[in-house]
Amino acid sequence: MTTVRLPLFPLNSVLFPGLVLPLNVFEERYRALMRDLLKASPDDPPALPGDDTDPSVSDEPRQFVVVAIRDGHEVAPSASGMPDDVTTKEAGAGPAAGFGDDPLKSFHGTGCVADAATIRERADGSFEVLATGTRRVKLHSVDASGPYLTAEVEELPEEDGDEAGALAEGVLRAFRAYQKRLAGARERTLATGAELPDEPSVVSYLVAAAAVLDVPTRQRLLQAPDAASRLRDELKLLRAETAIIRHLPSLPATELTRQATSRN
784 MTTVRLPLFP
794 LNSVLFPGLV
804 LPLNVFEERY
814 RALMRDLLKA
824 SPDDPPALPG
834 DDTDPSVSDE
844 PRQFVVVAIR
854 DGHEVAPSAS
864 GMPDDVTTKE
874 AGAGPAAGFG
884 DDPLKSFHGT
894 GCVADAATIR
904 ERADGSFEVL
914 ATGTRRVKLH
924 SVDASGPYLT
934 AEVEELPEED
944 GDEAGALAEG
954 VLRAFRAYQK
964 RLAGARERTL
974 ATGAELPDEP
984 SVVSYLVAAA
994 AVLDVPTRQR
1004 LLQAPDAASR
1014 LRDELKLLRA
1024 ETAIIRHLPS
1034 LPATELTRQA
1044 TSRN
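Add 783 to the 1-based position in the sequence shown for the numbering used here, that's all there is to it.
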């Protein structure tokens, strides 16, 4: 078993490989993480006169692990959209604030490594980050001794599984029918009319991210053992959700999920 230690970024959502993750980073513990990622980037070649290269954008990996918070485990007092809660500052809260004595128990066991291609610091010290999910990992331990949480993680294999190709075709058909029902319910469609991929693993992650599902369901899809298992689950989910929308055409899509909004 090979493990690596990476910074940890808990969210009230699930990130999938290949999907883009925009973040507005306000809390001090995550600001510290972003500052360290910027410092860890390899030195760029000396700038030439007139060089307007943006130092916030990097081709080198700047990685951290996004992990979903288990329902009922986030009790941090920091307010949404605020840099920090004043009481949190006064109490000297550490990186594990809100996650209990054993932070590992507050998180789902499977996360996704994110690569931050863009990290831009604002004048107020907050950050605008654009990252992309790259690979699934299993969490083995969480360390709260530094300014932010880190985790010892093991990369999980990506396998197609039996009948993945045929399942992917079926899921794409079901997904298109699902989108049409959402549009018929006067909700914004969850993807454009652009050509969808046909690689089983890519299809499985795209649909998992695009469908209106709650966090526990998304997490179940993320940790499926292979693409075929994920696609089988998605096929059942899409058919069930399409049937619900068909019978309740005026139900807003936002009420089909209890997904919470991230604090960052």
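By construction, the Cβ of each residue, glycine as well, lies at the ideal position given by its N, Cα and C atoms.
- When C-alpha distances from Arg-903 are compared across Val-850, Ala-914, Gly-894, Pro-930, the shortest belongs to Ala-914.
- Cβ contact annotation for Arg-964 (same chain, cutoff 7 angstroms, sequence separation greater than five): Thr-1025, Ile-1028, Arg-1029, in chain order.
- Considering only Ser-984, Val-848, Asp-854, the residue with the shortest C-alpha distance to Asp-1009 is Ser-984.
- Under the three-state reduction of DSSP output, His-1030 falls in the helix class.
- When the beta-carbon positions are compared, Leu-802 and Gly-916 come within less than 9 angstroms of each other.
- Contact between Val-850 and Phe-799 is ruled out by a C-beta separation of about 13 angstroms, above the 8 angstroms threshold.
- The C-alpha of Ala-899 lies about 21 angstroms from the C-alpha of Thr-786.
- Judged by DSSP in its simplified three-state form, Glu-942 adopts coil rather than helix or strand.
- Within the same chain, and ignoring the five residues on either side of Ala-897 in sequence, the residues whose Cβ sits closer than 8 angstroms to its Cβ are Phe-792, Leu-798, Leu-804, Gln-846, Phe-847, Val-848, Val-849, Ala-914, Thr-915, Gly-916, Thr-917.
- The distance from the Cβ of Thr-893 to that of Arg-853 is about 12 angstroms, inconsistent with a contact at the 8 angstroms cut-off.
- Under the three-state reduction of DSSP output, Glu-1017 falls in the helix class.
- Taking 9 angstroms as the cut-off, the Cβ atoms of Tyr-931 and Leu-816 count as close.
- Beyond the five residues adjoining it in sequence on each side, Pro-886 comes within less than 7 angstroms, by CB distance, of Ala-879, Val-925, Ala-927, Leu-932 in the same chain, given in chain order.
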